[in-house]
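Trainee: Here you go, one structure.
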Amino acid sequence: MDTSAIKIMLITLIFISVFSVVGYACDTVFCSSLACTKNYNCHDTCDRGFWLYGNKTCSSTCYFSNSSHCKFEKKVCADSDTTDNFPIIGGCVKSCTAGCDQNSDCKDKCVDDVKYYSGSCNLTSTCSCSYQIEDCGLKDGWYNTTNVQWIDDSQCTQKEQAQQEYREYACNSTSSSNCYYNVENHRWIDSDKIRNKEDGTSCDDDLFCTINDRCTSGVCSGSTRNCSSNNSQEIATCDNDPDNNPFTFDYSTDFTGSCVEDGNNLGHCTTGYFTITHTCADFDSTDNFPVIGGLVRTCTAQCDQNEDCSCPVSGCVNNDFYNYPTFGTCNESCNCNCTPSISYNDSRCVESFITVNKTVQTTELNCQGTTITLVVNGIGTGIVGRNVTITDFLPSYVNLDNLTSECSYDNNTREIMCNLNDVNAGDTRTINFNVSLSQLGNVLVDLYPESGVSFVNSNGNDTFVSFPETHVNVLGFSGATEICDDGIDNNCNGLADCNDTSCSSNSHCTQSFSVPSSGGGGALPIISTSTPAVCGNEKCENGETCSSCSKDCLKQGQICCDKIAYDGNCCTDYDCGGGYECTLGKTCRKLVLSNATSNCTEDWICADWSECVNGNQTRTCVDSNSCNTNLSKPEESRQCEVSTGPTGLFIFLTSPLGLLSIISTIILILLVLFRKRIGTFFKKGTSVVNYQQPPVKNQTENL
């Protein structure tokens, strides 16, 4: 090889060496902190945890200490433990300060309660162990066991409890298990399971008002406590002791004892207060008083409230004026007290006043009218009455024939009003008017309490003086029903009783007769055409009337007036009471007062007349507008219309009984004639017993 080539190779090697040193001068991986010796001898050595070995290249161009450093090609982790015979390099075990030099150096360990396990050695960079870690202290706590128990949840239910144990964990360095524990405590905790105790289990529901408590379907309950011993019955009667007063209504509410809870399993049965009240009660329930126990109660008291005690009209008694209240006081004895305030020697009674009177000229009427006289007298001095007004009302059966000019008459209200202006002391004012009556019997001409004289007295007080009651006995009037056995011409047609054709069908007018004897045998027996009356055979016949036999001649709903049965409820006004009159139809009707105002117009609808019964016909009339007045009400009773047909004698002779009588009469006449002939035969000496028929030839000879 020539020298130039050798030179070039040397230059190249030098260039490479220089630049190599320069290239690693600052590389800490390849430049050791341990400088090579001055003589440039580089040895294997430790660099912290690494053992450095391999080819070594020294260069004086290294940064550090301006000295040459060694470049090592290889390094390996080496710990201080040589007993593990690792790492072996160059036949020797090397040691440095590495944390580990193989995975087996990273053994499981405990640091306090922390377990380090599954360790591995980082052989590339750190030469230290890395571990998985478990902190056993974090596992301390309560853990369920498999043990359970049932305890009482209530008196009738149980609940389930699970047992728990408290575990205290520590690091386990020797076992494959990282942690172990010791049981430090136990406890029972409730689960969500509930079960009922057996039905019938004794219990106590803490209530006083139940007894014999038992469990049923998980609920404690018992029977209701009986408090009936405290019960009391209602008292509601007029004659209860101890007051024993039939005028008072004795009342006490009923009471039913009940159980009341007081708390804490204590309680009591309620007790009623037995208080009896005694309240006046009359027989009138329409006044809706007294209301006791939710009902209107009645007894036999005279009154039960002050409104029941209507007092007399205030007025003079001799020289004293008695001023009565409108209503008195119903006292504790259930009687009315009407105590007036008395003004003695009152001027209204002494100095000046008015007297009134009402008279009837004829009190017994038989087919004629009468005159009613109203008299007003002034007593005292001066003007005894101002604005004196006479007011009189006529019942429906009283017909007004004439009236003086001082008076007016309202046909609807049947009111007579006479204005007399002022009346002086000593004056006598007389009003006469003629009337006729159309109702038989003893009747009232004055039914109305409003009939009287009103005026302003000398003291300036409004005063009213009533007319006295006036009675008339009506024996007959035109159109009346004939009474067939009273001897009076009641209907004023000139015929009385059985002579009146209206009585022809009346059983009282059926006559009995006899047939006289026509000769020697004397009178024949009397044959009666009537059968004796038998009361109670359900037939009104043979002279029976509602007076003599009500069983046969008076039907339900009828009334007997002068032996005649009417479909009504009254015979005279007395039967109806105050404020009512007895109409011709024998029914009570409310009186129509002058101050009764109504915009209602009556519209009466009447049924057909009934068959003729005892000389009367009836019908029913109804006001379709329900005005509750009787101003224009038609009559509901009338006499039967008398037909102009056959007479009573003809009717009798053509009746079955009459025909029987005719036949009987003919037979009697024949018997009389036959008897007379037999009597003549006996006079000739012929005996009936010895009689024999003569020979025929003798008969021929006699002929």
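So the sequence shown is residues -13 to 689, counted in the working numbering.
Ideal placement from N, C-alpha and C gives every residue a C-beta, glycine not left out.
Predicted, not measured: the structure shown is a model, and the values here were computed from it.
(1) Report all residues from its chain with a CB closer than 6 Å to the CB of Trp174; omit the five preceding and five following residues, and keep chain order.
(2) Taking its Cβ as the centre, do 16 or more other Cβ atoms sit within 10 Å of Tyr383, making it buried, or is it exposed?
(3) Check the C-beta distance from Cys213 over to Ser244 and give it rounded, since I have them as a contact under 8 Å.
(4) In whole angstroms, what is the alpha-carbon distance linking Ser188 and Asp138?
(5) Distance check for Cys626 and Cys598, CA to CA, integer angstroms please.
(6) Does the beta-carbon of Leu645 have 16 or more other beta-carbons within 10 angstroms, so that it is buried, or is it exposed?
(7) Out of curiosity, what's the CA-to-CA distance linking Lys572 and Lys537?
(8) Below 8 Å between beta carbons: does that hold for Glu530 and Cys521?
(9) In whole angstroms, what separates the C-alpha of Phe72 from that of Ala64?
(10) DSSP state of Phe379, grouped into three classes?
(11) For Gly280, which residues does DSSP report across the bridge?
(12) Buried or exposed for Arg415, going by 16 or more other Cβ atoms inside 10 Å?
(13) Considering only the alpha carbon of each residue, which of Leu423, Ile365, Thr349 and Met403 lies closest to Pro381?
(14) Given a cut-off of 8 Å on the beta-carbon distance, is the pair Val134 and Ile119 in contact?
(15) Looking at the structure shown, is Phe313 part of a helix, part of a strand, or coil, going by DSSP?
(16) With three or more beta-carbon pairs closer than 8 Å as the criterion, would you say the stretch 295 to 307 touches the stretch 261 to 280?
(17) Give me the Cα-Cα distance between Cys404 and Asn385, rounded to the nearest whole angstrom.
(18) Which residue from Asp70, Ile262, Phe463 and Leu38 puts its Cα closest to that of Val62?
(19) Rounded to whole angstroms, what's the CA-CA distance from Asn447 to Pro326? Just pull it up for me.
(20) Excluding the five sequence neighbours on either side, which residues of its own chain have a C-beta within less than 6 Å of the C-beta of Tyr152, listed in chain order?
(21) Bridge partners for Asn171 per DSSP, in chain order?
(22) Output yes or no for whether 8 Å exceeds the beta carbon distance between Phe36 and Cys82.
(23) Do the CB positions of Asp387 and Gly366 come within less than 8 Å of each other?
(24) For a minimum of 3 consecutive residues, which ranges assigned as the beta strand (DSSP E) are wholly contained in the stretch 104 to 141?
(25) For the structure I just gave you, are there three or more beta carbon pairs, one from the stretch 156 to 169 and one from the stretch 222 to 234, closer than 8 Å?
(26) Please go through the same chain and pick out, in chain order, the residues whose beta-carbon is closer than 8 Å to the beta-carbon of Lys125, but skip the five residues on each side of it.
(27) Can you list, in chain order, the residues of its chain whose CB lies under 6 Å from that of Asp413, leaving out five sequence neighbours each side?
(28) Can you tell me the Cα-Cα spacing of Phe379 and Asn443, whole angstroms?
(29) Given a cut-off of 8 Å on the beta-carbon distance, is the pair Asp290 and Ala267 in contact?
(30) Contact defined as beta carbons within less than 8 Å: I believe Arg372 pairs with Phe441. What is the distance between those atoms, to the nearest angstrom?
(31) With H, G and I counted as helix, E and B as strand and the rest as coil, what does DSSP make of Val471?
(32) Is there contact between the stretch 305 to 321 and the stretch 341 to 352, where contact requires at least three CB pairs shorter than 8 Å?
Mentor: According to the structure shown:
(1) Once the five neighbours on either side are set aside, the close Cβ partners of Trp174 are Gln147 and Gln149.
(2) Buried: at least 16 other Cβ atoms inside 10 Å.
(3) Contact holds; Cβ gap of about 6 Å.
(4) Cα to Cα, Ser188 sits roughly 13 Å from Asp138.
(5) Straight-line Cα distance between these residues: approximately 6 Å.
(6) So Leu645 ends up on the exposed side.
(7) Those two C-alpha atoms are separated by around 20 Å.
(8) Between Glu530 and Cys521, the CB-CB gap stays under 8 Å.
(9) Going by the C-alpha atoms only, they are around 7 Å apart.
(10) Looking at Phe379 - three-state DSSP - the assignment turns out to be strand.
(11) Answer is none; Gly280 lacks a bridge partner.
(12) Arg415 comes out buried.
(13) Out of Leu423, Ile365, Thr349 and Met403, Leu423 has the C-alpha closest to the C-alpha of Pro381.
(14) Cβ atoms of Val134 and Ile119: not closer than 8 Å.
(15) The three-state reading of DSSP puts Phe313 in strand, counting E and B together.
(16) Because the criterion of three Cβ pairs below 8 Å is not met, the stretch 295 to 307 and the stretch 261 to 280 do not touch.
(17) The alpha-carbon separation between Cys404 and Asn385 amounts to approximately 18 Å.
(18) Comparing alpha-carbon positions, the option among Asp70, Ile262, Phe463 and Leu38 lying closest to Val62 turns out to be Leu38.
(19) When the Cα atoms are used, Asn447 and Pro326 turn out to be separated by approximately 17 Å.
(20) Counting only Cβ-Cβ distances below 6 Å, and skipping sequence neighbours, we find Trp128, Glu170 and Asn171.
(21) Tyr152, per the DSSP bridge assignment.
(22) Yes, the pair counts as a contact, with Cβ atoms nearer than the cut-off.
(23) When the beta-carbon positions are compared, Asp387 and Gly366 stay at least 8 Å from each other.
(24) Within the stretch 104 to 141, the runs of beta strand (DSSP E) at least 3 residues long that lie entirely inside it are, in chain order, 115 to 121 and 127 to 138.
(25) Judged by Cβ distances under 8 Å, the stretch 156 to 169 makes no contact with the stretch 222 to 234, as fewer than three pairs qualify.
(26) Closer than 8 Å at the Cβ level, and outside the excluded window around Lys125, lie Arg153, Tyr155, Cys165 and Tyr167.
(27) Closer than 6 Å at the Cβ level, and outside the excluded window around Asp413, lie Gly364.
(28) If I take the Cα positions, the gap works out to 23 Å.
(29) Taking 8 Å as the Cβ cut-off, Asp290 and Ala267 qualify as a contacting pair.
(30) Going by Cβ atoms, the distance from Arg372 to Phe441 rounds to 6 Å, so yes, they are a contact pair.
(31) Rather than Val, the amino acid found at residue 471 in this sequence is Asp. DSSP places Asp471 in coil when its eight states are reduced to three.
(32) No: fewer than three Cβ pairs fall under 8 Å.
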